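Note sheet for the following structure.
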Amino acid sequence: EYNFVQWLSRHNHRTNNTHKFENRFPHRKGKYPMKKYHMLTSALVILIGSVAFADDEGQNFVSIFDGKTLEGWTQRNGTATYEVKDGTIVGTTKAGSPNSFLCTDKLYGNFELVFEVKVHNSLNSGVQIRSQTKGGPQGRVNGPQVEIEASGANGAESGYIYGEAAGGWMTPADKLKPHKHFKDGEWNEYRVLAEGARIQTWINGQQISDLVDEQKLQSHPKGFIGLQVHGVGNSGPFDVAWRNIKIRVIE
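Here it is, written out as structure tokens:
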């Protein structure tokens, strides 16, 4: 009597013979459907990986923090400390210090900037763009700043644009609405797109600001990127950390 057990035994035997055949005649590999399936799957994995790599490379993003040192960066103003820890830049407040900034040595005009940031719930911070100093290299840092702060219970202004020592809020009052897109105590992904007078920002994929400021473009058309540790008087210490800082220059 031919039953299911016998059929299964014969099926396994045929499968084993198939593998033996391919081992004895490697030039005939690919003749069997299962082998074709594996080859197709592998090809798709390679293709998907290539597309992802091409997309990242095609955008011409360049890391401006090597994850190991602060090479290419210079501290301006204040006495807060900046150090590299586990592939991140950690800025820590110091009692009595004014605002401190760790600034790129290179200047940027039109660009797309991406980074991740995590900040202490009691600390206000920000990232300067197109910024400069007044009265020499160690003068007061000034220019547009992308706001960073914990959302708290009622939301906050993360992602809006502030004129650091340059007139205060650039984001109009009617658009300066508190929100909770910034995740407290977690890493948050920022994206900043600056093209001409238009500056757009996103936090965790959510667009926060779309600002056009012709006047600020005239006064700050190009400048450094700066990581701010805000002054906190005699409180603290508090810290803020950045990682995966990349920029794409727009010609």
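Residue numbers (the numbering used here): 37 to 287.
Note that the Cβ used here is the ideal one computed from N, Cα and C, for glycine as well.
These numbers come from a predicted model, not from an experiment.
### Message
Our contact map puts residue 137 next to residue 262 with C-beta atoms below 8 angstroms; I'd like the distance itself, whole angstroms only.
### Response
Confirmed, about 4 angstroms.
### Message
If distances are taken between C-alpha atoms only, which option among 171, 155, 177 comes closest to residue 202?
### Response
177
### Message
Check whether the stretch 115-133 and the stretch 203-214 touch, using three or more Cβ-Cβ pairs below 8 angstroms as the test.
### Response
no
### Query
Since residue 229 sits in a beta bridge, which residues does DSSP pair it with?
148, 236
### Task
Could you check if residue 186 is buried or exposed, using at least 16 other CB atoms within 10 Å of its CB as the buried criterion?
Here residue 186 is buried, its C-beta having at least 16 other C-beta atoms within 10 Å.
### Query
Is the stretch 110-123 touching the stretch 247-265, taking contact as three or more C-beta pairs under 8 angstroms?
Look at the beta carbons and you see the stretch 110-123 touching the stretch 247-265: at least three pairs across the two are nearer than 8 angstroms.
### Query
Are the beta-carbon atoms of residue 171 and residue 252 separated by less than 8 angstroms?
no
### Task
Would you identify the three-state DSSP class for residue 143, choosing helix, strand or coil?
coil
### Task
Measure how close the beta-carbons of residue 305 and residue 283 come, nearest whole angstrom, since I'm counting them as under 8 angstroms.
Shown here, the chain extends from 37 to 287; a query on residue 305 therefore has no answer.
### Message
I need the straight-line Cα distance from residue 110 to residue 144, nearest angstrom please.
### Response
15 angstroms
### Task
Under 8 angstroms Cβ to Cβ from residue 205, same chain only, skipping five residues before and after it: list those, please.
Within the same chain, 196, 197, 198, 199, 212 come within 8 angstroms of residue 205 by CB-CB distance, once the 5 residues on both sides are set aside.
### Task
Starting from residue 215, follow its DSSP beta bridges and name the residues at the other end.
For residue 215, DSSP records a beta bridge to 192.
### Task
Starting from residue 250, follow the alpha helix (DSSP H) in both directions and report where the run begins and ends.
250-255
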